[in-house]
Amino acid sequence: MNQAYITALSYYLPANILDNKMISELHPEWSIDKIALKTGIEVRHISAEDEFASDMAYSAASALFSEYDVDKHDIDFVLLCTQSPDHFLPTTACLLQERLGLSKNCGALDFNLGCSGFIYGLGLAKALIQSDQAKNVLLITSETYTKYIHPNDKTNKTIFGDGAAAVLISKEKSDGMLNGRIGNFVYGTDGSGASNLIVKNGGARFKNEVGIDLIDENGSTVNDDYLYMDGKAIFNFTASEIPKLIKKGLDKNEISLDNVDLAIFHQANEYMLNVVRTRCNIAKEKFYVNFSDGGNTVSSTIPIALKRALNEGALANVKTLLLAGFGVGLSMGTTIVTIEE
Amino acid sequence: MELNNFIEKCREQFVDADEIDLNENTLFREIGSYDSLTGMSILFMIKDEFNIDLSEEIYKSKKTFKEIYDLIETMK
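Keeping their order, the protein sequence lines are chains G and V. The first sequence begins at 493 in our numbering and counts up by one. The second sequence begins at 6 in our numbering and counts up by one.
Quick look at the structure:
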């Protein structure tokens, strides 16, 4: 059976920033130190008013093409993971086919997932390659969640940033590329938690509803027209379900935690990550966290962290990578990536 | 688990664990860094260490670590 390899990856973060000092000035009851301590985030990047998911996706893919020796005409499928598409329709991936100058024989689709999206994207890309429907899949994650955040929602403002990542998944390995063979997957879904992370209004069901500003227990403004997150419920889901998911994922790949050289989980919030890491029995030195510059960029946190690990040399002695994504849906997924010569 | 060990386990759940002192009578919700996620984390620690699912409602009725510890002892 065909294998599928992560061969190249790049990312893009918008130029505009929101740092802890700026948040503290807007919300003086929150100190700079407290924000950093609670979240592990120093800086978030914010898309410009006229910058949208397709623009950031284009920038990430263009960075990938220029950084690696990739012939974009070899790409025969584009998968775009986004929950903030430019339009309800058409498919943003179709806009990207044209803008990136990809072949008209290229398949293209969007899929709507958040923090688990990169894992699902790897699974879809691998399936396309294994079933001989594609040889080179361009997987892009791109989100402008900050456009969904109420100006007075200080809680979500401290956590989320905008960003995009582009990853090339190929049937063949190439010299000088990452060559991370994608392993087996375990997925999970619990739609009963859908309302815990939601933008309720604006879609077809509540197209004409108008949200009302309410103040939550943290003093943040919540409004159904904007992003709502029940942090406690998400924490509960993550801390409770991810250790079980990881165990199933390791079993399906027929390896133990001892065989894992480095784990990269969705970079949501440093405190929550630490609790999840502890409950999964993963040693701190095997657990990669790098999101103080960028914050929670939703489906892009894992590929951004992977690229940063690669750039820092943190993958130099790594053969087996454990990846896991989890969040809105509620949705989760995990896989193993084995780095080959 | 001894009470002192239990308090230490609770302290580890605070984001600024290295900078705070706790004892059995500390009103822990008054510590500046305590928030609802710290509470969830303490509940998960109790589940992992004692195999006890303490409800949030009961947890919220306890003010000190000693009160929680004494309750756990009765549930073993």
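Just so you know, even glycine gets a beta-carbon here, dropped at the ideal spot from N, CA and C.
Starting from the beta carbon of residue i, find every residue of chain C whose beta carbon is closer than 8 Å, and list them in chain order.
| i | result |
| --- | --- |
| Phe49/V | In the structure shown, chain C cannot be found, because the protein chains are G and V. |
Would you decide whether residue i is buried or exposed? Buried here means 16 or more other CB atoms lie within 10 Å of its CB.
| i | result |
| --- | --- |
| Asn773/G | exposed |
| Gln589/G | buried |
| Thr826/G | buried |
| Gly787/G | buried |
| Phe580/G | exposed |
| Thr681/G | exposed |
| Glu635/G | buried |
| Gln625/G | exposed |
| Asp578/G | buried |
| Ala658/G | buried |
| Met45/V | buried |
| Thr531/G | buried |
| Asn688/G | buried |
| Arg697/G | exposed |
Quick one: grab the DSSP three-state call for residue i.
| i | result |
| --- | --- |
| Asn508/G | strand |
| Asp602/G | strand |
| Met514/G | helix |
| Leu76/V | helix |
| Glu13/V | helix |
| Thr713/G | strand |
| Asn628/G | strand |
| Tyr780/G | coil |
| Thr636/G | coil |
| Ile651/G | helix |
| Tyr560/G | coil |
| Ala500/G | strand |
Determine the extent of the alpha helix (DSSP H) in which residue i is found, giving its start and end residues.
| i | result |
| --- | --- |
| Gly787/G | From DSSP, Gly787/G is part of no alpha helix (DSSP H); its letter is neither H nor E. |
| Glu804/G | Thr793 to Glu804 |
| Gly675/G | Element bounds for Gly675/G: not the alpha helix (DSSP H) but the beta strand (DSSP E), Gly672 to Thr681. |
| Phe462/G | Lying before the first or after the last residue shown, residue 462/G is absent from chain G, which here runs from 493 to 833. |
| Cys586/G | Thr584 to Leu592 |
| Glu733/G | Gly723 to Lys744 |
| Ser25/V | According to the sequence shown, residue 25/V is Ile rather than Ser. No alpha helix (DSSP H) holds Ile25/V; DSSP gives it neither H nor E. |
| Leu529/G | Ile524 to Thr531 |
| Ile538/G | Run containing Ile538/G: none in the alpha helix (DSSP H); it sits in the beta strand (DSSP E), Val535 to Ile538. |
From which residue to which residue does the beta strand (DSSP E) around residue i run?
| i | result |
| --- | --- |
| Leu48/V | That residue, Leu48/V, is in no beta strand (DSSP E); its alpha helix (DSSP H) goes Ser41 to Phe55. |
| Ile756/G | Leu754 to Phe757 |
| Ile36/V | Ile36/V -> no beta strand (DSSP E), and no H or E assigned at all. |
| Thr827/G | Ser823 to Ile831 |
| Ser662/G | Gly655 to Ser662 |
| Thr770/G | No beta strand (DSSP E) contains Thr770/G, which is instead part of the alpha helix (DSSP H) from Glu762 to Arg771. |
| Ala816/G | Thr812 to Gly819 |
| Ile690/G | Leu689 to Val691 |
| Leu581/G | Leu581/G -> no beta strand (DSSP E), and no H or E assigned at all. |
Which whole-angstrom value is the C-beta distance of residue i and residue j, which I expect to be below 8 Å?
| i | j | result |
| --- | --- | --- |
| Cys573/G | Gly599/G | With 8 Å as the limit, Cys573/G and Gly599/G do not qualify as a contact, their Cβ atoms being about 15 Å apart. |
| Ile796/G | Gly653/G | 10 Å between Cβ atoms; not a contact. |
| Ala555/G | Tyr504/G | 6 Å |
| Asn628/G | Ser662/G | 5 Å |
| Asp753/G | Lys811/G | 6 Å |
Could you tell me whether the region 680-700 of chain G touches the region 814-824 of chain G, using the rule of 3 or more Cβ pairs below 8 Å? yes
Counting pairs of Cβ atoms below 8 Å between the region 8-20 of chain V and the region 620-635 of chain G, do you hit three or more?
no
Checklist entry - For the region 684-697 of chain G against the region 712-720 of chain G, are there 3 or more C-beta pairs whose distance is under 8 Å? => result Remark: three or more beta-carbon pairs, one from each stretch, lie closer than 8 Å, so the region 684-697 of chain G and the region 712-720 of chain G are flagged as touching.
Check whether the region 661-679 of chain G and the region 644-653 of chain G touch, using three or more Cβ-Cβ pairs below 8 Å as the test.
Under the 8 Å Cβ criterion, the region 661-679 of chain G does not count as touching the region 644-653 of chain G, having fewer than three qualifying pairs.
message: Would you call the region 778-793 of chain G in contact with the region 57-65 of chain V, where contact means no fewer than 3 C-beta pairs closer than 8 Å?
response: Judged by pairs of C-beta atoms under 8 Å, the region 778-793 of chain G does not touch the region 57-65 of chain V, as fewer than three such pairs exist.
**Request:** Assess, as a yes-or-no matter, whether the region 499-517 of chain G is touched by the region 750-764 of chain G under the definition of 3 or more beta carbon pairs within less than 8 Å.
**Result:** no
* Asked: When the Cβ atoms of the region 560-574 of chain G are set against those of the region 513-523 of chain G, are three or more pairs found closer than 8 Å?
  -> Output reads no: the region 513-523 of chain G does not touch the region 560-574 of chain G.
| message | Tell me whether the region 728-742 of chain G and the region 534-553 of chain G touch, counting them as touching only if at least three CB pairs, one residue from each stretch, are closer than 8 Å. | response | no
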